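Note that the numbering used here has the sequence shown beginning at 1, numbered continuously upward. Before any comments, here is the structure.
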Amino acid sequence: MPLLRTSRDPAAPLSEGLVRPVMAGIVTALVGFTSTFAVVLSGLRAVGANPEQASSGLLALCLAVGAGGVLLAWRSRLPATLAWSTPGAALLAVAGIPDGGWAAAVGAFLVTGVLIAVTGMVRPLGRLISSIPTPLAQAMLAGVLLPLCIAPVEALQTAPLLVVPVLLCWLVLSRFAPRWSVPGALAVALAGIVVQLVVEGRAVPADGLLPAMEWATPSWSLGAVAGIALPLYIVTMASQNVPGVAVLGSFGYRAPWRASMLVTGAGTLLAAPFGGHAINLAALSAALAAGEEAGADRGRRWVAGVVSGLAYLLLGAFSAGLAALVAAAPQGVLEAVAGLALLGTLAGSAASALAEPGERTGAVVTFLVAASGMSFMGIGAAFWALLAGLLVREFLKDRNAPPGKAAR
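In structure tokens, the structure reads:
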């Protein structure tokens, strides 16, 4: 239930009171989808999905985010919105193909869904996640993001004619319309891809433009669970769900924690066999539906959450066409757009990781191991990064503690 409740003006026309939350919901979905779907496709393909499976995963995520968002906002009467785990997709992009291939990755997605759902039912598990030092969690995320954020620079060498206009569009919009900087850069990239296909006389297969779900029978391996499922769960909780609760709280709403975890956990479980990696409470984009842009009447802002979910269901119809178009792009173009979409997240994670002087050594170790991309015993770098950071932090805790105080 909301912490604060403002009754609407009975004299105000209903249509007038709904225009702003409806528009806010549409904008929330458009910004969330267009800003990060390239990251999702890149991440899914990096862990073994072929283009059709990656397209299926994007569609499954749209449906899970849409249906779950409508259900959560409608039942709670709060402007709660859902999204796919963008940091999780970024983690997949550097995790590498696990032992067992795509089937093992799908099994890891299922484990992630179970963990998210259990978090809503078992309070100690939520407290355990909250006990992970924020600097280390953010350093792990920053290390994962670094190789992806370098991609726009590397793409200048492989496809300069396509990438330079993308970078210029992003820079100009970052100055005058920051919210639309990544969607604008994506539009320029897609236009460039279409022009190149026309010039080269290539065509996107018509059957690849229709949305389709492709079932993948999961398998399980220790490497995939430790190297994908656990880090995916941690970054989704620490970088999406917990901040999502905080964003709602900043606007005077108490997020329905148990219901949110059950809905997002169930949504992840349902999407996983079709390639969806994880869904969660929206964080940054949540402010669009919960803030003043959704109207002065706080009692009607929940409509923005419902409309955002409906918009994701509609956007799912276009997911296959976008995925097919992106798959036809020259090497580096998709990665460049994904890197631009993650620059803000990288900056925020790095700043948070280094904010506390006493935590910096452990955070830097975590960052370096995560950025290295190392794999040991079939387990990816994110897991080892967090483990290394925790060990270093524990070893140095007496040195890092302020005089006269016990280390935290």
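Every residue, glycine too, gets a C-beta built ideally from N, C-alpha and C. Note that this is a predicted model, so its numbers are computed, not measured.
Spatial neighbours of residue i in its chain, beta-carbon cut-off 7 Å, leaving aside the 5 residues before and after
i: residue 342; result: 39, 90, 145, 148, 149
i: residue 142; result: 346, 349, 350, 353, 367
i: residue 315; result: 29, 33, 62
i: residue 71; result: 263
i: residue 100; result: 219, 221, 224
i: residue 126; result: 119
i: residue 373; result: 94, 147, 381
i: residue 392; result: 361, 362, 365
Inter-residue CB distance, residue i and residue j (contact presumed, cutoff 8 Å)
i: residue 247; j: residue 296; result: With 8 Å as the limit, residue 247 and residue 296 do not qualify as a contact, their Cβ atoms being about 19 Å apart.
i: residue 98; j: residue 223; result: 5 Å
i: residue 409; j: residue 329; result: As displayed, the chain neither begins before 1 nor continues past 408, which places residue 409 out of reach and without an answer.
i: residue 333; j: residue 163; result: 7 Å
i: residue 83; j: residue 42; result: Not quite, the Cβ-Cβ distance comes to about 17 Å (not below 8 Å), so this is no contact.
i: residue 47; j: residue 102; result: 7 Å
i: residue 259; j: residue 76; result: 7 Å
i: residue 60; j: residue 281; result: Their Cβ separation, rounded to whole angstroms, is 18 Å, which puts residue 60 and residue 281 out of contact at 8 Å.
i: residue 64; j: residue 270; result: 6 Å
i: residue 53; j: residue 216; result: 6 Å
i: residue 27; j: residue 288; result: 6 Å
Euclidean distance between Cα positions of residue i and residue j
i: residue 396; j: residue 311; result: 49 Å
i: residue 22; j: residue 232; result: 32 Å
i: residue 133; j: residue 345; result: 18 Å
i: residue 263; j: residue 257; result: 10 Å
i: residue 187; j: residue 337; result: 10 Å
i: residue 227; j: residue 95; result: 7 Å
i: residue 254; j: residue 285; result: 17 Å
i: residue 239; j: residue 131; result: 14 Å
i: residue 308; j: residue 394; result: 43 Å
i: residue 420; j: residue 24; result: Only positions 1 to 408 of the chain appear in this structure, which leaves residue 420 out of reach.
i: residue 69; j: residue 121; result: 20 Å
i: residue 242; j: residue 85; result: 12 Å
i: residue 331; j: residue 176; result: 29 Å
i: residue 129; j: residue 363; result: 17 Å
i: residue 88; j: residue 35; result: 15 Å
i: residue 306; j: residue 124; result: 31 Å
i: residue 214; j: residue 49; result: 11 Å
Where residue i sits in the DSSP three-state scheme
i: residue 159; result: coil
i: residue 50; result: coil
i: residue 9; result: The predicted model places residue 9 with a pLDDT of 47, which falls under 50 and marks its position as unreliable, so this point remains unresolved.
i: residue 407; result: Because the pLDDT of residue 407 is 45, which lies under 50, any placement of that residue in the model is unreliable, and the number read from its coordinates should be weighed accordingly. Correct three-state label for residue 407: coil.
Cross-strand partners of residue i (DSSP beta bridge)
i: residue 82; result: 281
i: residue 312; result: Beta-bridge pairing links residue 312 to no other residue.
i: residue 233; result: DSSP, once it has assigned bridges, lists no residue as partnering residue 233.
Cβ neighbours of residue i in the same chain (closer than 6 Å, five flanking residues each side left out)
i: residue 109; result: 272, 277
i: residue 370; result: 140, 143, 144, 381, 382, 385
i: residue 11; result: For residue 11, the predicted structure reports a pLDDT of 45, less than 50, and the residue's modelled location is therefore unreliable. The matter cannot be settled from this model.
i: residue 390; result: none
i: residue 57; result: 44, 275, 276
i: residue 1; result: Because residue 1 sits at a pLDDT of 39, beneath the cut-off of 50, its placement in the model cannot be relied upon, and the following sentence gives the value as read from the coordinates. Around residue 1: no qualifying Cβ.
i: residue 321; result: 209
CB contact check: residue i to chain B, cutoff 8 Å
i: residue 280; result: Here chain B cannot be found, since the structure has a single protein chain.
Cutoff 8 Å; reference residue i; Cβ partners in own chain excluding five residues on either side
i: residue 185; result: 166, 167, 169, 170, 173, 337, 340
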